[in-house]
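Input: a single structure, listed below in structure tokens.
In this note's numbering, the protein residues as written are 48 to 172.
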């Protein structure tokens, strides 16, 4: 975990994010995207979203994938200068928590230097 600053605004455009539990089966397909390592998926309720390939295992049926972990495609709206805590980095995106406790994905390129480790991290967990 690191505290970093947002260097570029990010606005979530997802109204209903794909949410899945470990073991859930979804349909997935490769789609053109600037982000390597992501698969476009749709659950049985018809909700769709991007999922890191590392969260999925291919099933014997073509286009079927099973979740290896719980997952949500929730993106976070953040503004330049805001401080966030990084919790997980995955294929060009970072799962972060705001000082208000909100969590979601934002692009790695929107954050300042993830390599510096702060002297202390607030207890927001």
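Quick reminder that beta carbons are idealized off the backbone N, C-alpha and C, glycines included. Please read these numbers as outputs of a predicted model, since none were measured by experiment.
In its own chain, which residues sit with a C-beta less than 8 Å from the C-beta of residue i, not counting the 5 before and 5 after it?
i	result
residue 155	136, 139, 140, 141 and 161
residue 150	121, 123, 134, 142, 143 and 144
residue 59	121, 122, 123, 124 and 151
residue 153	53, 57, 122, 123, 125, 131, 140, 141 and 143
Only counting the same chain, and skipping five residues up and downstream in sequence, which positions put a Cβ closer than 7 Å to that of residue i?
i	result
residue 79	none
residue 77	86
residue 115	69, 102, 103 and 104
residue 128	52 and 53
Any idea if residue i is buried or exposed, counting beta-carbon neighbours within 10 angstroms, 16 or more meaning buried?
i	result
residue 96	buried
residue 57	buried
residue 63	exposed
residue 147	exposed
residue 110	exposed
From the DSSP output, in three-state form, read off residue i for me.
i	result
residue 137	strand
residue 101	helix
residue 86	strand
residue 156	helix
residue 94	coil
residue 57	strand
residue 120	coil
residue 130	strand
residue 151	strand
Which two residues bound the contiguous beta strand (DSSP E) that contains residue i?
i	result
residue 51	49-52
residue 111	111-114
residue 74	72-76
For residue i, which residues in the same chain have their Cβ closer than 6 Å to its Cβ, ignoring the five residues on either side in sequence?
i	result
residue 67	114 and 118
residue 88	73, 75 and 98
Would you please verify whether the beta carbon of residue i is less than 8 Å from any beta carbon of chain C?
i	result
residue 157	Considering every chain present, this structure includes no chain C. It has just one protein chain.
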